[in-house]
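Mapping of the sequence shown onto this note's numbering: residues 43 to 271, in sequence order.
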Amino acid sequence: MLFRRLLDFISPRCCVVCGRRLAPDTEVLCSSCQLRLPRTNFHLSPLDNPMARLFWAIIPVERVAAFIYYSPGSEVAKAVYDLKYHDRPDIGETLGRMMAAELLPSGFFDGIDRLVPLPLAPKRERQRGYNQSRQLAVGVSEVTGLPVSDDIVCRTVFSGSQTQLSRRDRQANVANVFQLRDDANLRGRHVLLIDDVVTTGATVTACARELLKVDGVRISVLSFGFTKD
């Protein structure tokens with residue numbers, strides 16, 4: 043703690059949301075901004091919530107939750123933007139630990155065998171330097187002790203930004219972009235897919251369909267943010 047205080051004196055760390063100086067015992071978000079996060083509490087009803095309903099009658103899911111409601115241009119959106127575009131992988135790990143710590147007492151992670159982050163296309167990951175969903179998964183793993191498996195499924199192509207696409211167009215845009223690499227460690231397992239922000243669920247659905255080719259695999263979904271209509 044003394045070393046952290048010395049570093050903070052030399053090079054103060056600032057909250058990625060409000061810009062205020064961070065206390066020695068906080069990371070990425072100050073205490074005030076952490077308290078103001080627009081939590082969804084979806085984990086308290088993991089089979090029937092607005093995000094879970096995206097997958098009803100499309101893919102079988104065990105549990106579905108998002109930590110916060112996400113709105114482009116909101117205060118907390120800056121944290122996600124910095125994670126994805128400003129070379130801040132540490133933000134992902136911190137947010138992953140934060141949401142895992144809050145969801146853990148509810149039993150949301152009970153019975154999960156492994157964490158599978160939504161993969162990026164190789165070119166996209168090279169440009170960014172890391173996969174933001176994997177950084178979230180690493181944070182979740184640090185709290186839960188669950189292993190991260192990022193070599194089971196890959197994304198073969200980058201299909202372009204989906205920001206301006208309708209739900210139907212998003213589904214078509216990501217169809218067949220995922221490929222199963224190795225199913226040896228998935229048979230009969232319960233997998234938690236982890237993404238940064240879910241809007242229509244099209245990307246998660248496409249990845250889950252590839253994983254569901256494995257005998258006995260069960261799928262749950264966790265994202266940091268969920269975009270309301």
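We treat Cβ as the ideally placed atom computed from N, Cα and C, and that holds for glycine. The structure displayed is predicted, hence computed values, not measured ones.
VAL185: member of the alpha helix (DSSP H) spanning 174 to 186, first to last residue. In the three-state reduction of the DSSP assignment, CYS196 falls in the strand class. A Cβ-Cβ distance of about 7 Å is found for the pair ALA65 and SER73, placing them in contact under the 8 Å criterion. Between GLU184 and GLN221, the CB-CB gap reaches or exceeds 8 Å.
Close CB contacts of ASN83 within its chain, under the 7 Å cut and outside five residues either way in sequence, are absent.
The DSSP-derived three-state label of GLY134 is helix. For ASP152, there is no enclosing beta strand (DSSP E), since its DSSP letter is neither H nor E.
In the three-state DSSP reduction, ASP225 falls in the coil class, being neither helix nor strand. With the rule of 3 Cβ pairs closer than 8 Å, the region 262 to 271 counts as touching the region 232 to 244. With contacts defined by Cβ atoms closer than 8 Å, ARG223 and VAL195 form a contacting pair. Contact check for ILE101 and THR247: beta-carbon distance about 6 Å, within the 8 Å limit, so the pair qualifies.
PRO159 sits in a strand when the DSSP states are folded into three classes. Looking from the CA of PHE151, the closest CA among PHE268, HIS85, THR136, VAL180 belongs to HIS85. Counting C-beta atoms within 10 angstroms of its own C-beta, THR198 has fewer than 16 neighbours from the protein chains shown and is therefore classed as exposed. Between ALA121 and VAL190 the beta-carbon gap is near 21 Å, outside 8 Å, which marks them as no contact.
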